[in-house]
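Residue numbers (my numbering): 56 to 264. Cβ atoms here follow ideal geometry from the backbone N, Cα and C, with glycine treated the same way.
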Ligand code: PRP
Ligand code: URA
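Following this line, the structure appears as structure tokens:
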């Protein structure tokens with residue numbers, strides 16, 4: 056699929072393997088999610104426009120480039136998306152952060168919205184949605200629809216592990232949204248968990264059950 060980008064960088068793949076390990080502690084899990092997010096952020100921001108400037112060095116004038124001031128917003132889907140924010144902000148500290156609170160109903164697997172706070176000018180920003188898991192795709196699709204209803208036009212969806220089904224659903228419902236992930240796993244189990252996946256990302260990040 057044209058809109059799907061899979062990170063094959065060796066460091067990302069190595070860290071994803073550590074994340075999948077059920078013996079990885081919450082502390083290590085949090086650190087790994089943050090590190091992987093920063094590495095992904097490097098690629099996700101590749102198309103940020105530059106402008107030419109002149110900078111006075113101790114030796115002379117350099118004609119050089121800086122980012123042109125294009126505005127970005129990171130929007131984590133609560134809770135698990137929170138783990139990806141600081142890695143991204145390390146790369147783009149001036150970005151704004153919006154929050155969308157969704158949880159999956161355990162029986163229906165349908166997303167339930169409980170919180171939203173977005174920057175006022177979200178319609179003028181390039182938006183990067185953050186969520187470690189794209190499983191049925193219900194949460195991702197709802198979050199993107201919500202953002203579009205608030206005026207967002209240029210949206211990327213960044214996750215760590217996706218399912219084939221989730222990728223297909225998000226691509227079908229929002230073909231304009233680029234999907235960035237480190238792995239596409241083959242299936243979901245009867246509880247809607249990605250197999251083999253990494254388990255419940257929110258619980259592993261925050262040490263809950
Ligand atoms: C997880 C995950 C996604 C969603 C993915 O969140 O972080 O938001 O499930 O599943 P879907 O693609 O089938 O919608 P969860 O609902 O467990 O909430 P949490 O982050 O608060 O733990
Ligand atoms: N949410 C998770 O945290 N993990 C999955 O495998 C699916 C949804």
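C-alpha distance - residue i paired with residue j, whole-angstrom precision
i: residue 168; j: residue 148; result: 28 Å
i: residue 75; j: residue 138; result: 15 Å
i: residue 64; j: residue 177; result: 31 Å
i: residue 62; j: residue 215; result: 9 Å
i: residue 217; j: residue 95; result: 15 Å
i: residue 248; j: residue 187; result: 13 Å
i: residue 244; j: residue 250; result: 6 Å
i: residue 121; j: residue 150; result: 15 Å
i: residue 241; j: residue 252; result: 9 Å
i: residue 84; j: residue 90; result: 10 Å
i: residue 153; j: residue 128; result: 7 Å
Reduced DSSP category for residue i - H, G, I as helix; E, B as strand; rest coil
i: residue 125; result: coil
i: residue 239; result: strand
i: residue 76; result: coil
i: residue 65; result: helix
i: residue 142; result: helix
i: residue 222; result: helix
i: residue 207; result: coil
Buried versus exposed call for residue i [16 or more other C-beta atoms within 10 Å across all chains shown]
i: residue 166; result: buried
i: residue 56; result: exposed
i: residue 117; result: exposed
i: residue 173; result: buried
Check whether residue i and residue j have beta carbons under 8 Å apart
i: residue 87; j: residue 70; result: yes
i: residue 48; j: residue 225; result: Since the first residue of the chain shown is 56 and the last is 264, residue 48 is not available in this structure.
i: residue 236; j: residue 185; result: no
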